[in-house]
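>
Number of protein chains: 2
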Amino acid sequence: MTTTAVPDSTTGWRATGVAELAPAELERIHAWWRAANFLSVGQIYLLDNPLLREPLTRDHVKPRLLGHWGTTPGLNFLYAHLNRAIKERQQKTIYITGPGHGGPGLVASAYLDGTYSEVYSDITEDTEGVKRLFRQFSFPGGIPSHVAPETPGSIHEGGELGYSLSHAYGAAFDNPDLMVAAVVGDGEAETGPLATSWHSNKFVNPAQDGVVLPILHLNGYKIANPTVLARISRPELNDLMVGYGHKPYFFDGGYDESEPPLETHRRFAALLDEVLDEIAAIKARAAGGDLSRPMWPMIVFRTPKGWSGPAEIDGKKTTGSWRAHQVPLASARDTDEHLSVLEKWLRSYRPEELFDADGRVLPEITGLAPEGALRMSANPHANGGLLLKDLRLPDFRRYAVDVPAPGGSTSEAPRVLGQWLTDVIRLNPDNFRIFGPDETASNRLQAVYDVTDKQWNAEYIGPEVDEHMARAGRVMEMLSEHQVQGWLEGYLLTGRHGLLTSYEAFIHIVDSMFNQHAKWLKVTNDIPWRRPIASLNYLLSSHVWRQDHNGFSHQDPGFIDHVVNKKAEIVRVYLPPDANTLLSTYDHCLRSRQYVNVVVAGKQPAPNFLDMETAVEHCTRGLGIWEWAGTETAGEKPDVVLGCAGDVPTLEVLAAADILRRELPDLKVRVVNVVDLMRLQDATEHPHGLTDSEFNGLFTSDRPVVFAYHGYPWLIHRLTYRRAGHGHWHVRGYKEEGTTTTPFDMVMLNDLDRYHLVIDVIDRVPSLGSAQAGLRQRMQDARLRARAWTREHGDDIPEVRDWVWPDAQDLADGDQVGATLGTGGDNE
Amino acid sequence: MTTTAVPDSTTGWRATGVAELAPAELERIHAWWRAANFLSVGQIYLLDNPLLREPLTRDHVKPRLLGHWGTTPGLNFLYAHLNRAIKERQQKTIYITGPGHGGPGLVASAYLDGTYSEVYSDITEDTEGVKRLFRQFSFPGGIPSHVAPETPGSIHEGGELGYSLSHAYGAAFDNPDLMVAAVVGDGEAETGPLATSWHSNKFVNPAQDGVVLPILHLNGYKIANPTVLARISRPELNDLMVGYGHKPYFFDGGYDESEPPLETHRRFAALLDEVLDEIAAIKARAAGGDLSRPMWPMIVFRTPKGWSGPAEIDGKKTTGSWRAHQVPLASARDTDEHLSVLEKWLRSYRPEELFDADGRVLPEITGLAPEGALRMSANPHANGGLLLKDLRLPDFRRYAVDVPAPGGSTSEAPRVLGQWLTDVIRLNPDNFRIFGPDETASNRLQAVYDVTDKQWNAEYIGPEVDEHMARAGRVMEMLSEHQVQGWLEGYLLTGRHGLLTSYEAFIHIVDSMFNQHAKWLKVTNDIPWRRPIASLNYLLSSHVWRQDHNGFSHQDPGFIDHVVNKKAEIVRVYLPPDANTLLSTYDHCLRSRQYVNVVVAGKQPAPNFLDMETAVEHCTRGLGIWEWAGTETAGEKPDVVLGCAGDVPTLEVLAAADILRRELPDLKVRVVNVVDLMRLQDATEHPHGLTDSEFNGLFTSDRPVVFAYHGYPWLIHRLTYRRAGHGHWHVRGYKEEGTTTTPFDMVMLNDLDRYHLVIDVIDRVPSLGSAQAGLRQRMQDARLRARAWTREHGDDIPEVRDWVWPDAQDLADGDQVGATLGTGGDNE
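Protein sequence lines, in the order shown, are assigned to chains A and B. Heads up, this note's numbering is the position in the first sequence plus 15, with the first residue counted as 1. Heads up, this note's numbering is the position in the second sequence plus 15, with the first residue counted as 1.
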């Protein structure tokens, strides 16, 4: 990637009027389009004879014909016309390809504007380069058939459909000079995430943010069906777009065979100028202080699927039908008939007029593109790492809660984090945002509203209900996990920072989006010209152990399992047990690059265990022995190890340790807390993994380990099963046994409670067993008592609810339990 | 649940004109609404003194205040009015509660119409019953705060939002006499799945299907924000609904304080009559043969959030704001001020006018409801198992492919399945549908188009492009996994059958929907009055090992992992290795109840291994030794076990077994194939699990097992880690190492290929090891050769691509390889 400086910010948003294009200019646009189409078809079909300088033979055709043609010519047409307009207006623009299948088109366009050869030096601008360009496409060891990280200018991978507009808006936020031309496929438009993402326009600030120009590519067909939006009346489609808050401009091209191509180009160029002038006018009004939501223009681009391809194949209508979706000539290598159609099709673009003798595209054609970083394929916003600046992070230690003794104070950990985030926002006013599905306050980050608001550009009613809402703000909330994740991804991919807060119980909604983003990160790690971007940070603050308001109806802790399936170099999972560890963890997350960081931290009031100094040490190690909680003798192995990961499991393990020290004072108990889940893995499997000797030093290789875990227990087995001592591990975790409305009832339902953990210890330490049948029975009784109390009173039994770690109790007996940071409403 | 017969199908769709309701009838509607609201508020707050027959004290208030008030009064209002209209028109109707938070409202309504006490005999219709009704709500051991399986009349669980309309349409398909009143929350309306589900109206046949009446509950607020649709202009909202294909009717209620309540009721009743008459007219036109898509009416129901609750609390506007979302009086037990507001609020419904001396709601109020199965809470469609009929299934053995020897024929397995499904459709013309996101043909089920079509009621262009599309058809395709899964769920929950075909690579899109449905099934297993419904069947036919067209950009095989996290009694995972086993498996799936069956079967041409008789035996066992593939000596333990699960892994294991029998003829190899993945688990953990002795009989407890698996390898470890021999297991599977465009290249990338499996055997069988360094080297060389060939030719090396099992080769040498069932285009 060239590191050409970003164009001066005074460029852009020029109103030029509708240009009267000279025939030569129209010819140039048409030539670019033919060249792009030729290069696209060549990629799909040709192994050799790239410029058709000899008659096409079967051997020139690839043995496996893969890829998609249908959407490609439309994408190429738009790219050509945008080039003309960008050059004229010097308008910084990136191009989002909703129809990701159109990979060959975007590769062809990047090749034509020169970017491709700049970033891939072996794809030269000559016959040999064209041959390599063709051959590599959807070929073993080559490039994907979809728009991909390998495609210069892209921040939006093909594959799963539905996120083009969300990504586009994410890219536009805080980029006031950037236009994002977002092509939406009419197939993609049927997906849920895309259908709601049109409403993104209610969240745009017309002065501070860039402009998204949605272009609905209405080519009419999916794999095997017409599209819904192509089969409703034009008035209905118009109403739909107006209802979404847009002013639609309709363009029909390619259907009227009597229209000369240059006239089609002239009409579209005029329409594009009209649209861009309207955008410039909106921008001018915004610059003048009118920040109200305009009806942003959008284009309905109705052209035939497979436009310019063979009208019929084997007697069946192909262009303008779903039959053009993929590879229309499946037998081009096998039958002379198909081969001949292919040759005719390729020659219809008149390659002899497009390439010089060396196989270089004629400069008068490539000259359509703007220069340098104004080229859409070279725009640095589409390689966000180029623009990424470190966040200015306030010292998180200053936000520490006071922990006079373990358990000696109580916090809602995310509320503490919120105070630090407030200053993160203050210090980084234009490159950091918080995203969430209507849950930022519910997840206890409301301190941020001291310095910012929720950005909202729909109607206002009045201050008595419209709290913390403004036309500019750092918090982005809409009730769609898809939407907010898509926005955040677009924001990160263009070189900014952010986090997403959500309920753990519903984060599975974006499982597939996580997959796509993780894949993007993994692939970009191997693309030298792609610079690292900020990590995608989750804060899951309403977790499955405290579903008080939502007992029974919420989901599971399996997002962690889903995440851990991805490559180790991409994913991190943190389970900070209290407020100070959460602060330390999040500071680390916001400094990191190219990861997906999943942080799970409950929002309910909970004891703090570590003062800041200890918390930093603990988080730096990622896991460690809590000596103060155990009863070991220095230099001797413990009798049993109590492990814990997650805030609720940690609380129960400490309560169990407390029981054990009182009931079995001679038992040597070690307590190990895990913050960084990946530390449990083998060093050979994850960069954060422990070596065997480190691992055995913590957990021993031969003592029983009773491990209380936040999620499904088998994940802990998975992470540890290669360890020597794994046979001695006994893991308690989430069991899908149902949920309930009081915290201790919930842990009891899943056998993760303190009493059950003590029973586990008795059952697993050989020296206890039947000797402690009495204690075992008392633990059973305590459970039954707690269950009965809860059923009777609707709340947890006081001996459980009010339990504190003994050191904190001593403190309380002497003076007072450390101050509780205010707790507020329990929203959902 | 009463088993009252379904009302005669001649009921319904009556046009009555706008009723002139007598004041007494309006009073009755208002009294029902007050009673429902009183019972709702009581559930949220009261532990005792349910009818306020004494002054309210703090002790009467629950210690933990949980639940949601905001949406409830609107839901109650609609329920009351629908009662009136249903009774008048004898219109079979079910009620879908999009705002699932409104649990108390639906429980209250079911209590008022008598259903609740019928299904829960301890919730009696007297003071004690009301007390128990209140106490159980969101209480440990009680009922959820959301609409749930426990709620009579519901097929739509609260919790995750977004599927109310999809479920509603699923319920309406093939139920021509049923109206589905679907209340859509304006929060829910922001989700992606809901935003696209409005387009469901393009898939309705107005004669053969029922009617969905969407009611957008525009109460203006979410947890902490206004809703988007409440903050766009009315013309914009009108356009949006028209653009979605609806004729919107707007109702505003509760904002004009000068309007008497009865006038509000009169206006809504009139509007509802107008809407229902319009529906009746559409139905009459359809009965007369006009099947074209009408603009179906829908209602925008704009009323204040928390309507009828306290206007202000603590000096802040509450009713008509987001502050009414959850529990408006959080301190009702803690402060006299809140307690007094609560009492005033409860008394505002004048309970003394609603209940008789025994605490029974006055019969003149409950008389508003229709009778028997016409009550929305008692409608048997909302307890689909009551209506479920077994499918008539043709004998799948008749569709068997001929397998003269293992590997002796080739099929695209789903194409074979499609022929059987064709007759399933023929035999079950009105209670079986196939759902998919535009992939039914791509997944090779196109034989079904011999007997049916894709149902489509948007515009038609002409037969040259609109193949297999009609206003009535058994195949439902829209490019939204959310939509088609939601439709299928609604169809199943109302007592019908179906399956969903999708690409494995994208099925993570519905992870959270699977979660919700699995939870529903699990909970209903414990609700005696809920009858079992047909299983939700997936057919994932474009799997991760054959991403030819989509190399690099598609996702992973992790859906299986996600599914296996759920309770064993709910989930089944099948990996049939060929066509006959797929037939046998699917026959089993379509006969089953209350499961989620995940079947993964590749769509590419692949060898058949088992004739039908053997396939049935194999599938009945779920796994077994393939003696013909091994080289054991009877009565002796094998030296090594090659295990496989999945079609591609099975092929590679057989190819490895072939190499081993040629290269190491003395090695005793056993081949075990697994169809039913759950068989690997312990019998104590899954109903399908093997006992240890069965397991050891297959895999031994001390011989090396090299296991080739379709998905992430650690799942096999998870399923088997408690087995005695697990330390000897070595699993190969999907490694996230990237994807490519040729099949063998793909398996090599993941070290699952035949050569690597042979190396695994050499490395793990003690008697081989260094003695076979030569063979090991030749395997390495073969891999390098295959890789180089692929990179050079873009296709797999012939020795791999054309390999067949030796018995088939013998057959070929003698005569011919068995006929290949036609293979067609490779669509995506």
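For each residue, glycine too, the CB sits at the ideal point set by N, CA and C. Model, not experiment: these values are computed from the prediction.
Might you give, ordered along the chain, the residues of its own chain that have their beta carbon closer than 7 angstroms to the beta carbon of T437 (chain B), omitting 5 neighbours on each side?
Residue 437 (chain B) sits at position 422 when you count from the first residue of the second sequence. Hits under 7 angstroms: A462, V463, D465 and V466.
> Establish whether the CB of E479 (chain A) and some CB of chain B are separated by less than 8 angstroms.
Translated into positions along the first sequence, residue 479 (chain A) becomes position 464. Closer than 8 angstroms to some Cβ of chain B, the Cβ of E479 (chain A) qualifies, so yes.
> What in chain A is Cβ-close to S426 (chain B), meaning under 9 angstroms?
Within the second sequence, residue 426 (chain B) is the residue found at index 411, counting from 1. Near S426 (chain B) there are no residues of chain A at all, since even the closest Cβ is about 20 angstroms away, more than 9 angstroms.
> Determine the direct distance from the alpha carbon of E352 (chain B) to that of L148 (chain B), and round the result to whole angstroms.
Locating residue 148 (chain B) in the second sequence gives position 133, where the first residue counts as 1. Locating residue 352 (chain B) in the second sequence gives position 337, where the first residue counts as 1. Looking at the two C-alpha atoms, the distance is approximately 26 angstroms.
> Where does G477 (chain B) land, buried or exposed, given buried means 16+ other C-beta within 10 angstroms?
To locate residue 477 (chain B), count along the second sequence from 1; it is residue 462. By the 10 Å Cβ count, G477 (chain B) comes out exposed.
> I'd like the list of long-range same chain contacts for L402 (chain A), defined as Cβ closer than 6 angstroms, with 5 residues on each side in sequence excluded.
The count along the first sequence starts at 1 and reaches residue 402 (chain A) at position 387. Correct list, in chain order: P395 and G510.
> For V746 (chain A) versus Y724 (chain A), is the C-beta distance shorter than 8 angstroms?
Here residue 746 (chain A) is taken as the residue at index 731 of the first sequence, counted from 1. Here residue 724 (chain A) is taken as the residue at index 709 of the first sequence, counted from 1. Yes, Cβ-Cβ distance for V746 (chain A) and Y724 (chain A) is below 8 angstroms.
> In chain order, what are the residue ranges of uninterrupted alpha helix (DSSP H) at least 4 long that sit wholly in the segment 464-528 of chain B?
The qualifying runs are 496-508.
> Indicate whether the contact test is met: 3 or more Cβ pairs, each with one atom in the segment 428-443 of chain A and one in the segment 614-623 of chain A, closer than 8 angstroms.
Yes, the segment 428-443 of chain A is in contact with the segment 614-623 of chain A.
> State the start and end residues of the unbroken alpha helix (DSSP H) segment that holds W744 (chain B).
Your numbering for residue 744 (chain B) matches position 729 in the second sequence. Not the alpha helix (DSSP H): W744 (chain B) falls in the beta strand (DSSP E), residues W744 to R747.
> For the segment 311-322 of chain A, which residues have a CB atom closer than 8 angstroms to at least one CB atom of chain B, in sequence order?
none
> Could you check what DSSP says for W729 (chain B) in three-state terms: helix, strand or coil?
Here residue 729 (chain B) refers to the residue found at position 714 when the second sequence is read from its first residue. Three-state result, W729 (chain B): helix.
> Tell me whether N253 (chain B) sits in a helix, a strand or coil according to DSSP, three-state version.
Residue mapping note: residue 253 (chain B) aligns to position 238 of the second sequence, counting from 1. It is helical.
> Rounded to the nearest angstrom, what separates F316 (chain A) and I247 (chain A) at their Cα positions?
Here residue 316 (chain A) corresponds to residue number 301 of the first sequence, with the count starting at 1. Here residue 247 (chain A) corresponds to residue number 232 of the first sequence, with the count starting at 1. C-alpha separation (whole angstroms): 15 angstroms.
> How would you call Q792 (chain A), buried or exposed, if buried means at least 16 neighbouring beta carbons within 10 angstroms?
Numbered from 1 along the first sequence, position 777 holds the residue referred to as residue 792 (chain A). With fewer than 16 Cβ atoms within 10 Å of its Cβ, Q792 (chain A) is classed as exposed.
> Would you list the one or two residues that DSSP bridges to H232 (chain B)?
Walking along the second sequence from the start, residue 232 (chain B) turns up at place 217. DSSP output for H232 (chain B) lists B:G200 and B:F316 as bridge partner(s).
> Specify, as a first and last residue, the run of the beta strand (DSSP E) that F266 (chain A) falls within.
Walking along the first sequence from the start, residue 266 (chain A) turns up at place 251. That run of the beta strand (DSSP E) goes H261 to D267.
> Check for me: the alpha helix (DSSP H) holding T142 (chain B) runs from which residue to which?
Counting from 1 along the second sequence, the entry for residue 142 (chain B) is found at position 127. For T142 (chain B), the enclosing alpha helix (DSSP H) stretches over residues T142 to Q151.
> Just the Cα atoms here: how many angstroms apart are A621 (chain B) and Q824 (chain B)?
Walking along the second sequence from the start, residue 621 (chain B) turns up at place 606. Walking along the second sequence from the start, residue 824 (chain B) turns up at place 809. Whole-angstrom Cα-Cα distance: 15 angstroms.
> Of the residues A:Q795, A:H741 and A:D405, which one's Cα is nearest the Cα of S716 (chain A)?
Counted from its first residue, the first sequence places residue 716 (chain A) at position 701. That would be A:H741, whose Cα lies nearest to the Cα of S716 (chain A).
> If you draw a straight line from the alpha carbon of Y736 (chain B) to that of N98 (chain B), how long is it in whole angstroms?
As a first step, residue 736 (chain B) must be located in the second sequence, where it is residue number 721. As a first step, residue 98 (chain B) must be located in the second sequence, where it is residue number 83. Using only the alpha carbons, I get a separation of about 56 angstroms.
> Kindly indicate which residue of A:E103, A:K102, A:G82 and A:H45 has the alpha-carbon position closest to the one of V122 (chain A).
For the purposes of this step, residue 122 (chain A) is taken as residue 107 along the first sequence, with counting starting at 1. Of the listed residues, the one whose Cα sits closest to V122 (chain A) is A:G82.
> May I ask which residues mark the beginning and end of the alpha helix (DSSP H) holding Y184 (chain B)?
Position 169 of the second sequence, counted from the start, is the residue given in the question as residue 184 (chain B). First-last of the alpha helix (DSSP H) with Y184 (chain B): S179 to A187.
> In chain order, what are the residue ranges of uninterrupted beta strand (DSSP E) at least 3 long that sit wholly in the segment 379-461 of chain A?
424-426 and 447-451
> Ignore the nearest five residues each way along the sequence and tell me which others in R486 (chain A)'s own chain have a CB closer than 6 angstroms to its CB.
Sequence index remark: in the first sequence, residue 486 (chain A) carries index 471 (1-based). Cβ within range, chain order: N220, L306 and N472.
> Is T333 (chain A) buried or exposed, if buried means 16 or more other CB atoms sit within 10 Å of its CB?
The residue given as residue 333 (chain A) occupies position 318 in the first sequence. Buried, because 16 or more other Cβ atoms sit within 10 Å of the Cβ of T333 (chain A).
> State yes or no: is the C-beta of P719 (chain A) within less than 8 angstroms of the C-beta of V780 (chain A)?
Stepping through the first sequence from its first residue, residue 719 (chain A) is reached at position 704. Stepping through the first sequence from its first residue, residue 780 (chain A) is reached at position 765. Yes, the pair counts as a contact, with Cβ atoms nearer than the cut-off.
> Check this for me: beta carbons of Y506 (chain A) and F188 (chain A), under 8 angstroms apart or not?
Locating residue 506 (chain A) in the first sequence gives position 491, where the first residue counts as 1. Locating residue 188 (chain A) in the first sequence gives position 173, where the first residue counts as 1. It is a contact, given that the beta carbons lie within the stated cut-off.
> Pull the bridge partners of I548 (chain A) from the DSSP assignment, please.
On the first sequence, residue 548 (chain A) is found 533 positions in, with the first residue counted as 1. I548 (chain A) pairs with nothing; no bridge assigned.
> Would a check of beta-carbon distances place F154 (chain B) closer than 8 angstroms to chain A?
Mapped onto the second sequence, residue 154 (chain B) falls at position 139. Residue contact check for F154 (chain B) against chain A: a CB pair falls below 8 angstroms.
> Identify whether N216 (chain B) lies in helix, strand or coil by the three-state DSSP scheme.
Along the second sequence, read from residue 1 onward, the residue named residue 216 (chain B) stands at position 201. Note: N216 (chain B) maps to helix in three-state DSSP.
> Whole angstroms are fine: how far does the CA of E751 (chain B) sit from the CA of R587 (chain A)?
The count along the first sequence starts at 1 and reaches residue 587 (chain A) at position 572. The count along the second sequence starts at 1 and reaches residue 751 (chain B) at position 736. Distance between the alpha carbons of R587 (chain A) and E751 (chain B): 16 angstroms.
> For V21 (chain B), would you say it is in contact with chain A, using Cβ-to-Cβ distances shorter than 8 angstroms as the test?
Your numbering for residue 21 (chain B) matches position 6 in the second sequence. Unreliable placement is indicated for V21 (chain B), whose pLDDT of 41 sits below 50; the coordinate value is still reported in the next sentence. Judged by the 8 angstroms Cβ criterion, V21 (chain B) is not in contact with chain A.
> Are D775 (chain A) and V686 (chain A) closer than 8 angstroms when you measure CB to CB?
The count along the first sequence starts at 1 and reaches residue 775 (chain A) at position 760. The count along the first sequence starts at 1 and reaches residue 686 (chain A) at position 671. Result no, Cβ atoms of D775 (chain A) and V686 (chain A) do not sit closer than 8 angstroms.
> State the beta-bridge partners of Y553 (chain A) as determined by DSSP.
The count along the first sequence starts at 1 and reaches residue 553 (chain A) at position 538. Paired residue(s): A:L515 and A:V613.
> Given this structure, state the Cα-to-Cα distance separating M528 (chain A) from G501 (chain A), to the nearest angstrom.
On the first sequence, position 513 is the one that residue 528 (chain A) refers to. On the first sequence, position 486 is the one that residue 501 (chain A) refers to. Between M528 (chain A) and G501 (chain A), the C-alpha separation is close to 8 angstroms.
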